[in-house]
Structure formats: C-alpha cells, structure tokens
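Let me begin by presenting the structure, written as structure tokens, before commenting on it.
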Amino acid sequence: MTMNPTFLGRPLILCSILAIGHSLHAQQQDLLGLVEDKTPKKEYVTNAFKSTRVIDGQSMEFLGKGVLDTRILHRFGLINSGANNLYGLDQANMRLGFDYGLLESLMIGIGRSNVNKELDGFIKFRPLWQSTGPHSSPVSIVLVTSMTLTTGPWADTSRKNFFSSRMSFYNAIIIGRKFSEQFSLQLTPEMVHRNLVTYTADHNDIYALGIGARYKLSKRIAFVVDYHHIVTGLRRNTYQDPLAVGFDIETGGHVFQLHFSNSLGMNERAFLTETTDNFGKGAIRFGFNLSRVFTLHSKK
Amino acid sequence: MIGIAILTGLVLTFNACYYDKEQLLYPVSFSCSGAAPSFSTAVMPIINTSCAQGSGCHGAGSSHGPGALTNYSQISNAGSQVLSSVLNGRMPLGPALSAAQIKTINCWVSNNMPNN
Numbered sequence: 001m002t003m004n005p006t007f008l009g010r011p012l013i014l015c016s017i018l019a020i021g022h023s024l025h026a027q028q029q030d031l032l033g034l035v036e037d038k039t040p041k042k043e044y045v046t047n048a049f050k051s052t053r054v055i056d057g058q059s060m061e062f063l064g065k066g067v068l069d070t071r072i073l074h075r076f077g078l079i080n081s082g083a084n085n086l087y088g089l090d091q092a093n094m095r096l097g098f099d100y101g102l103l104e105s106l107m108i109g110i111g112r113s114n115v116n117k118e119l120d121g122f123i124k125f126r127p128l129w130q131s132t133g134p135h136s137s138p139v140s141i142v143l144v145t146s147m148t149l150t151t152g153p154w155a156d157t158s159r160k161n162f163f164s165s166r167m168s169f170y171n172a173i174i175i176g177r178k179f180s181e182q183f184s185l186q187l188t189p190e191m192v193h194r195n196l197v198t199y200t201a202d203h204n205d206i207y208a209l210g211i212g213a214r215y216k217l218s219k220r221i222a223f224v225v226d227y228h229h230i231v232t233g234l235r236r237n238t239y240q241d242p243l244a245v246g247f248d249i250e251t252g253g254h255v256f257q258l259h260f261s262n263s264l265g266m267n268e269r270a271f272l273t274e275t276t277d278n279f280g281k282g283a284i285r286f287g288f289n290l291s292r293v294f295t296l297h298s299k300k
Numbered sequence: 001m002i003g004i005a006i007l008t009g010l011v012l013t014f015n016a017c018y019y020d021k022e023q024l025l026y027p028v029s030f031s032c033s034g035a036a037p038s039f040s041t042a043v044m045p046i047i048n049t050s051c052a053q054g055s056g057c058h059g060a061g062s063s064h065g066p067g068a069l070t071n072y073s074q075i076s077n078a079g080s081q082v083l084s085s086v087l088n089g090r091m092p093l094g095p096a097l098s099a100a101q102i103k104t105i106n107c108w109v110s111n112n113m114p115n116n
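Chains A and B, in that order, give the protein sequences.
Under the numbering used here, think of the first position of the first sequence as 1, with each following residue one higher.
Under the numbering used here, think of the first position of the second sequence as 1, with each following residue one higher.
Pasting the structure below:
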C-alpha cells in the first residue's frame with residue numbers, strides 16, 4: 001500500500017504554517033512592545049557653545065572623552081594704533097594650549113602665554129548637565145579651577161624672591177543653559193587670587209561676574225559675546241571690564257573664533273586683572289582662537 | 001581616577017595661597033637728604049596730573065576725601081593724607097605713580113612742605 005503524499009503532507013504544512021504564524025505573532029508582539037515603549041529617556045543637551053571657551057572665558061561646553069584639543073590663541077595690538085602698525089597686527093601675543101577630555105564631564109588643560117611668560121593649567125568638572133526627560137536639569141553647572149605661574153626673570157634679583165609670588169589662582173562656577181538650537185547663555189561667578197600684589201591697598205582677591213552668550217546664525221557660524229564685570233578688588237579708574245565680541249566659525253574639526261576685545265590676557269588671571277583698555281573709547285584689539293580636535297581614544 | 005588624583009593635587013596646591021603685598025614685603029626707604037623738592041616744579045605737576053586736573057577727582061569744588069587739591073594751601077593742608085594714600089597705593093585711582101614721583105611727594109612732606 002502506497003501512502004498518499006498529499007495526505008501525509010497536510011499535517012506537515014499545517015504545522016509549519018502554525019509554527020510560522022506563532023513566530024510571526026511573537027515577533028509582532030516584540031515590535032509592538034518596542035513601539036509602545038514610550039517611556040521618556042533622559043537626553044543630555046549638547047553643543048550649547050561651539051567651543052570650550054566662550055571667547056576668553058571657559059564655556060559650559062566640554063570635550064568628549066579621549067579628545068585632545070590643540071588651541072592657538074592670538075591677541076594683536078590696538079586697532080587704533082594706526083596703519084604704521086597695520087592696525088595692531090604688528091604686535092602679536094599668543095598662547096599655545098592643549099586641553100584633554102578625561103571623562104564626559106571632566107577635562108583638563110595646560111597652556112603658555114608669551115605675555116609674562118605665563119604657564120596655566122585648569123580642571124573643569126560638570127556636576128550637573130542640562131538634560132531633557134526624566135530627572136532632567138534645566139541648566140548645566142560647571143566648576144572650573146585653575147592656576148597660573150609666571151616664569152620670567154625676577155624684576156629685582158637683589159631682594160629675596162619667593163616662588164609663591166609667581167602663582168595665582170582662579171575659581172568659577174558656570175551656570176549655563178541652552179535655551180534653543182540658536183541661543184545659549186551662561187553666568188559665571190568667579191574669583192581670582194593673586195599671591196602677590198604691588199601696593200598695600202591692592203586686593204589679592206578679585207571677584208567678578210562673567211556673562212557669555214552664543215547666537216547661532218547658521219549651521220557653521222555663531223555670534224558670541226563674552227563679558228566679565230569686575231565686582232570688587234580692582235581700581236575702577238585704572239582697570240576695565242573685559243569685553244569680547246566675535247564669531248565662531250566651524251569647519252570640520254576646526255573652530256575659528258574671530259573676535260574684537262579690549263583685553264590682552266589669554267588666561268583668566270590675565271584678562272580679569274590686567275585689562276586697562278576701554279572698549280567704549282575705541283581701545284579694541286583683534287584676536288582669534290584656533291581650535292583643532294583630535295580623537296585619541298574613541299568610544300567603545 | 002586620574003581626575004580625582006589631579007583634583008587632590010590641586011586642593012593641596014591651594015595651600016600655597018598667600019596674601020603678600022610687595023610694598024610690605026620689600027619696604028623702600030627714601031633718602032631725603034639735600035634740598036627739599038620744589039613745590040611748584042616737582043610736586044604740583046604730579047598732583048595736577050594724577051589727582052586734580054588729570055583725573056578730575058580733586059579738581060576745584062571737589063568733595064572727595066580732602067577735597068580740592070589745586071593750590072599750595074589745599075595741598076599742604078592735606079599733605080600727610082596725600083602722602084599716606086600715595087605710599088600705600090590707595091591713590092591715585094588712575095595709573096600708579098612711579099617710585100620717583102612717590103619719593104618726591106614723600107621728601108617734600110618730610111621737609112615740612114615748603115612753598116618753594
């Protein structure tokens with residue numbers, strides 16, 4: 001007796017259809033599960049500023065983990081120094097620096113300015129990161145601490161000079177928010193401590209309030225303002241509030257910050273405590289920050 | 001870990017905070033031997049430039065501190081006050097005086113502020 005193959009095949013086909021149907025149903029359920037999982041997730045806000053500096057001062061922005069940022073800063077002479085000085089371009093002051101992202105919210109940096117032959121180093125830490133979703137934060141809070149060290153020869157070698165006299169310190173709390181894709185704003189209460197000042201009436205501690213803002217004009221260009229109001233600690237008649245306005249231009253891995261400012265200093269101690277030019281009276285100098293990032297350790 | 005190590009290092013570094021003033025650390029003693037500096041040709045120009053006309057703070061009708069410093073009687077009346085403010089660097093509020101200018105005022109006051 002021969003078996004009818006059609007008869008034998010039917011249960012097999014039925015089983016197969018059932019199995020496939022069951023499998024499809026399970027997959028559908030999985031997919032539906034994904035679609036229906038509408039639990040909001042926490043998302044951190046990024047790119048509040050194009051660079052880790054607004055212009056002179058630190059911004060709320062960080063380098064990614066494992067990213068090295070090579071920074072070359074230039075500040076030229078006063079524009080009103082005339083055509084003979086090519087409107088200040090004859091006098092170039094510079095700072096060469098390297099910043100590195102240790103973690104997503106921790107970065108360090110070192111640099112050297114030719115003015116005062118000054119070394120500087122900083123640590124920047126973000127305990128609170130602006131985010132959306134559950135347990136979100138409306139602002140980022142960033143702590144910055146830095147130290148500077150002048151390395152030039154002593155002015156008077158006949159007296160007893162102290163190594164501590166070369167040192168100054170800077171501390172700041174940056175409170176910033178990216179309000180929209182275009183606009184970001186940050187406030188920075190900050191202080192500088194100088195170990196040595198000239199006169200007995202001079203203050204070793206200077207307190208200031210920094211205001212930094214960014215308005216994005218296009219995908220690659222942003223208008224930035226960096227202003228620091230000296231609250232107390234400096235002679236008002238001699239020293240001015242540092243103000244810088246400029247444009248951030250992003251080109252791939254480079255960020256060019258072209259700006260006009262009344263300060264010459266390229267670290268916090270220098271621009272906060274040594275700015276004597278009055279922006280309102282036309283004592284303005286051109287400068288730029290050039291930033292090039294290299295990813296040394298990519299994310300795994 | 002690296003960050004914590006660096007942070008610790010920095011906190012320790014902050015123990016290197018000093019409140020030094022160069023003027024106290026390295027006091028300058030003036031030698032005022034010889035003739036007293038001239039009020040009209042040495043002292044008055046400094047006061048004019050840095051305190052009265054130049055800065056505008058102690059011009060005619062001023063009520064700041066010792067008031068106007070525009071002539072001999074006003075300046076000599078405020079002589080010791082001017083000297084102490086200049087010596088400790090509290091004044092002038094504008095660009096600081098040079099060591100030679102401070103010495104001129106110091107020696108004029110210590111020679112009893114002659115109207116010479």
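We treat Cβ as the ideally placed atom computed from N, Cα and C, and that holds for glycine.
Note that the structure is predicted; figures quoted are calculated from it, not measured.
Gln-130(A) burial status per 10 Å Cβ neighbour count (16 or more: buried): buried
C-beta neighbour in chain B for Met-60(A), strict 8 angstroms: With 8 angstroms as the cut-off, Met-60(A) does not count as an interface residue toward chain B.
Straight-line gap, Ser-158(A) to Tyr-199(A) (C-alpha atoms, nearest Å): Distance between the alpha carbons of Ser-158(A) and Tyr-199(A): 20 angstroms.
Those residues which DSSP pairs with Asn-71(B) across a bridge: According to DSSP, Asn-71(B) bridges with nothing at all.
For Gln-101(B), three-class secondary structure by DSSP: helix
Thr-151(A), DSSP secondary structure in three states: coil
Cβ-Cβ separation, Ser-291(A) to Asp-69(A) (assumed contact under 8 angstroms), whole Å: 6 angstroms
Environment of Phe-279(A) [buried if 16+ CB atoms lie within 10 Å]: buried
Nearest-angstrom Cα separation, counted from Tyr-19(B) out to Tyr-44(A): 42 angstroms
Any C-beta of chain B under 8 angstroms from that of Tyr-199(A): yes
Local Cβ density within 10 Å of Pro-134(A), reported as buried at 16 or more and exposed below that: exposed
Stretch-stretch touch, CB-based, cutoff 8 angstroms, three pairs: the stretch 172 to 188 of chain A with the stretch 53 to 60 of chain A: yes
Where Lys-21(B) meets chain A, residues with beta-carbon distance less than 9 angstroms: Leu-196, Val-197, Thr-198, Tyr-199, Thr-200, Ala-201, Asp-202 and Asn-204
9 angstroms Cβ cut-off: residues of chain B touching Met-303(A): As displayed, chain A neither begins before 1 nor continues past 300, which places residue 303(A) out of reach and without an answer.
For Val-231(A), the nearest candidate out of Ala-244(A), Ser-261(A) and Met-191(A) (CA to CA): Met-191(A)
Segment limits, beta strand (DSSP E) that includes Ser-168(A): 167 to 178
Interface partners of Asn-237(A) on chain B, CB under 9 angstroms: Ser-55, Cys-57, Pro-92, Leu-93, Gly-94 and Pro-95
8 angstroms Cβ cutoff, Leu-69(B) in contact with chain A: no
Any chain B beta carbon closer than 8 angstroms to His-135(A): no
Ser-165(A) versus Asn-116(B): straight-line alpha-carbon distance, rounded: For Ser-165(A) and Asn-116(B), the distance between alpha carbons rounds to 42 angstroms.
Contact the stretch 145 to 155 of chain A vs the stretch 106 to 120 of chain A: 3+ CB pairs below 8 angstroms: The stretch 145 to 155 of chain A, when compared against the stretch 106 to 120 of chain A, does touch it at the 8 angstroms Cβ threshold.
Own chain residues within Cβ distance below 8 angstroms of Arg-220(A), not counting five before or after: Ile-249, Glu-250 and Thr-251
Limits of the beta strand (DSSP E) - the one that Ala-222(A) falls within: 221 to 232
Leu-83(B) at chain A interface by Cβ criterion, 8 angstroms: no
C-beta neighbour in chain B for His-193(A), strict 8 angstroms: yes
Beta-carbon proximity of Tyr-239(A) to Thr-276(A), cut-off 8 angstroms: Yes; because the gap between Cβ atoms is below 8 angstroms, this pair is in contact.
Range covered by the beta strand (DSSP E) that runs through Ser-184(A): 183 to 194
Interface flag, Cys-15(A) vs chain B, CB-CB below 8 angstroms: At Cys-15(A) the pLDDT is 48, less than 50, meaning the model places this residue with poor confidence; the figure from the coordinates comes in the next sentence. Cys-15(A) does not count as touching chain B.
Beta-carbon spacing of Ala-54(A), Leu-264(A) below 8 angstroms: Note on identity: in this sequence residue 54(A) is Val, with Ala being the wrong assignment. No, these two residues do not count as a Cβ contact at 8 angstroms.
Residue-level contact to chain A via CB, Asn-77(B), 8 angstroms cutoff: no
Residue-chain proximity (Ser-164(A), chain C), Cβ-Cβ < 8 angstroms: Of the protein chains in the structure, A and B, none is chain C.
Residues that Met-111(B) contacts on chain A, provided the C-beta gap is smaller than 9 angstroms: The amino acid occupying residue 111(B) in the given sequence is Asn; Met does not appear at that position. Result: empty, since nearest Cβ-Cβ is about 24 angstroms, beyond 9 angstroms.
Contact with chain B by Arg-220(A), beta-carbon distance below 8 angstroms: no
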